[in-house]
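Q:
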Amino acid sequence: MEQQFADTHPDFAYSAAIIRYVNEKELEKRFRQLTPRVQKSVPGIAVSNHLQIFRSTQPGGLAPDFTLLSLTGDSIRLSDYKGKHVFLEFWGSWCGPCRMMSPKLIAFNHTLPSDSSIIMIGIACNEANKKNWKKAVEEDNLNWIQVLEENNQGKLSVSRQYAIDGYPTSLLIDPRGKIILRGHPEHILGEASALLGLSSK
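Just so we're aligned: the sequence shown equals residues 1 to 201 in full-length UniProt numbering.
#1: Closest by CA to residue 196, which one among 10, 85, 31?
#2: Please classify residue 106: does DSSP put it in a helix, a strand, or coil?
#3: Pick out the complete beta strand (DSSP E) segments inside the UniProt domain "Thioredoxin" (57 to 201), 3 residues or longer, and give them in chain order.
#4: So, residue 122 versus residue 146, is the Cβ gap smaller than 8 Å?
#5: Leaving out five residues before and five after residue 76 in sequence, what residues of the same chain have Cβ atoms less than 8 Å from its Cβ?
#6: In or out: residue 128 buried (at least 16 other Cβ within 10 Å) or exposed?
#7: DSSP three-state label for residue 34, please.
#8: Using 10 angstroms around the beta-carbon of residue 45, count the other beta-carbons present and answer buried if the total reaches 16, otherwise exposed.
#9: Using beta-carbon positions only, say whether residue 58 and residue 164 come within less than 8 Å of one another.
#10: Return yes when the Cβ of residue 16 is within less than 8 Å of the Cβ of residue 43, no when it is not.
#11: Secondary structure at residue 22, three-state DSSP: helix, strand or coil?
#12: Just to confirm, are residue 192 and residue 90 a CB contact at a threshold of 8 Å?
#13: Considering Cα atoms alone, identify which of 159, 48, 61, 12 is closest to residue 20.
#14: According to DSSP, is residue 15 helix, strand or coil?
Here it is as structure tokens:
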């Protein structure tokens with residue numbers, strides 16, 4: 001019903017707030033249907049900013065740098081891995097589909113070379129507390145680098161820097177820091193393995 005309201009009321013700022021939660025491809029189309037006045041409203045600008053971030057973090061764009069604390073208390077900075085391929089996995093302990101992907105991610109991790117030329121980082125998002133996150137990592141045997149997103153007020157979270165709206169979402173970053181794959185891990189793990197020349201062990 002709300003999406004129908006947005007379709008029939010393109011001159012209402014509320015319509016911009018409604019469409020913010022559709023997928024990005026649909027969002028592009030719906031945003032263009034809004035009147036110029038609504039596009040320049042506060043919710044309209046929020047949608048525009050989100051779309052701009054989404055476009056910039058598609059394959060070919062540079063991966064935004066971040067620094068987050070790991071499960072072991074280490075400071076993990078993405079740019080420290082320049083010169084290596086990095087596989088990012090945005091997930092959450094609360095996310096059923098994310099947890100269901102754990103076996104396939106574990107299998108993928110087992111194919112990575114021992115020379116650390118390919119780094120895997122799990123980024124837990126929207127966690128209610130650290131205990132749930134740590135418990136999920138232990139239960140699912142996620143033995144690659146695990147970091148926790150910080151939701152500091154006034155600071156754009158890492159998931160928002162990457163315009164992550166759906167979970168799980170994976171990205172493969174090349175040694176220069178460019179994004180080369182983005183999508184649901186179910187859809188890109190095979191392609192990532194092929195690009196990286198990995199074979200099952």
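Ideal Cβ placement from N, Cα and C applies to all residues, glycine included.
A: In short, the structure shows the following:
#1: 85
#2: helix
#3: 67 to 69, 75 to 77, 85 to 91, 118 to 124, 145 to 148, 169 to 173, 179 to 183
#4: yes
#5: 67, 68, 69, 70, 121, 145, 147
#6: exposed
#7: coil
#8: exposed
#9: no
#10: yes
#11: coil
#12: no
#13: 48
#14: helix
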